[in-house]
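Written below as structure tokens is the structure these notes are about.
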Ligand SMILES: [Zn+2]
Ligand SMILES: [Zn+2]
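Residue numbers (UniProt numbering): 1 to 186.
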């Protein structure tokens, strides 16, 4: 499937956003305060969102939970329903742009949108394209039992199982190898 630069940026942003959520009650929230949200906005070049507030922080945390649900959706129909709801609530104004030397592409966020609505509109539409392309199953969560981070599988044959093959994938391989060794030795 064709993935344009903005879709790619939106995918990176939504994966990072979902993965800022604490994995359990003891873990720290990656979006603990407004400063953390400011860093997130800067790192992902999210434009025109103005001064950020506590209100923005809680709104972004709320849509983070909804995006997490989309990555966990068992089938395209459920994912589609969630995406429709998220994007409709944000409101969108599709418009063509060729900013910063990129080819023509469409932005979805409405003028003056809050950071939460900006993310819901543009990241929501980026995920929508996966449903349209019959590729919803590429929106995944890591299969390592103690990880479950979100990722988008962009491999040719949809074979990616871990958020990061060097850490999660490798960790599992090592564990399986040790178990086999132990069995052989026993
Ligand atoms: Zn753009
Ligand atoms: Zn992982």
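Don't be surprised by glycine CBs; every beta carbon is placed ideally from N, CA and C.
Excluding the 5 residues flanking residue i on each side, which residues of the same chain have their C-beta closer than 6 Å to its C-beta?
{"i": "residue 14", "result": "67 and 123"}
{"i": "residue 169", "result": "162"}
{"i": "residue 11", "result": "126 and 152"}
Taking residue i as part of the beta strand (DSSP E), name the residues at either end of that continuous run.
{"i": "residue 74", "result": "Unbroken run through residue 74: none, as it is neither H nor E."}
{"i": "residue 152", "result": "150-152"}
{"i": "residue 96", "result": "92-97"}
{"i": "residue 141", "result": "139-141"}
When you measure from the CB of residue i to every non-hydrogen atom of ligand 1, does any distance come out below 7 Å?
{"i": "residue 102", "result": "yes"}
{"i": "residue 48", "result": "no"}
{"i": "residue 6", "result": "yes"}
{"i": "residue 99", "result": "yes"}
{"i": "residue 107", "result": "yes"}
Once the 5 residues before and after residue i are set aside, which same chain residues still bring their CB inside 7 Å of it?
{"i": "residue 54", "result": "34"}
{"i": "residue 118", "result": "46, 49 and 109"}
Which residues bound the alpha helix (DSSP H) around residue i?
{"i": "residue 8", "result": "5-18"}
{"i": "residue 105", "result": "Unbroken run through residue 105 is the beta strand (DSSP E), 105-109; no alpha helix (DSSP H)."}
Spatial neighbours of residue i within its chain, please: C-beta separation below 8 Å, excluding the five flanking residues on both sides.
{"i": "residue 115", "result": "37, 41, 46, 49, 52, 56, 59 and 60"}
{"i": "residue 71", "result": "18, 139, 140, 141 and 150"}
{"i": "residue 159", "result": "153"}
{"i": "residue 98", "result": "104 and 105"}
Compute every distance between the C-beta of residue i and the non-hydrogen atoms of ligand 2, then say whether any falls below 7 Å.
{"i": "residue 164", "result": "yes"}
{"i": "residue 144", "result": "yes"}
{"i": "residue 161", "result": "no"}
{"i": "residue 149", "result": "yes"}
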